[in-house]
Amino acid sequence: MPYDNPYLNFSATENAFLSFLAGCSAVNDNREKINENDIIRAYKTHYKLLTTDISKLVDKLWKEKSEKENNGYLVCEKCNSYYKLQPGESPDDFTGNCECGGKLKYYDDIGWLLKC
Numbered sequence: 319m320p321y322d323n324p325y326l327n328f329s330a331t332e333n334a335f336l337s338f339l340a341g342c343s344a345v346n347d348n349r350e351k352i353n354e355n356d357i358i359r360a361y362k363t364h365y366k367l368l369t370t371d372i373s374k375l376v377d378k379l380w381k382e383k384s385e386k387e388n389n390g391y392l393v394c395e396k397c398n399s400y401y402k403l404q405p406g407e408s409p410d411d412f413t414g415n416c417e418c419g420g421k422l423k424y425y426d427d428i429g430w431l432l433k434c
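In structure tokens form, the structure reads like this:
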């Protein structure tokens, strides 16, 4: 019967996770045995994880990554017009030709072009 599996039972899984957290607390304090303080710390950590709004954290990390990340530029070899690639875009997403008929080439940085 599939319901006999203890890992399908939330409380068994939750208890295993709390034991893991308590064990991590003991190891963090260079001990081999779990004590009462480790169990309290495990419950506090568990509660904090349950009440954390993960979506805000993910949004913040994604924003920080995209601000740091330079996706590069496509520059026309004929007219020198350029397009800054947006997060998630790749040079392979484009046809390789500019509206003027020139060929688009990928560059990480276009400081040389902006100085002209």
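Using my numbering, the letters of the sequence shown map in sequence onto residues 319 to 434. Note that the Cβ used here is the ideal one computed from N, Cα and C, for glycine as well.
Exercise. For the 8 Å Cβ check, are there 3 or more pairs between the stretch 347-358 and the stretch 370-379?
Worked result: no
Exercise. Is the beta carbon of L422 less than 7 Å from the beta carbon of G414?
Worked result: Pairing L422 with G414 gives a Cβ-Cβ distance under 7 Å.
Exercise. Under 7 Å between the Cβ atoms of Y391 and I428?
Worked result: yes
Problem set entry | Alpha-carbon to alpha-carbon, K381 and S373 | 12 Å
Problem set entry | Separation of N398 from A360, as counted between CA atoms | 59 Å
Problem set entry | Beta-bridge pairing of Y400 - partner residues as DSSP gives them | Beta-bridge pairing links Y400 to V393.
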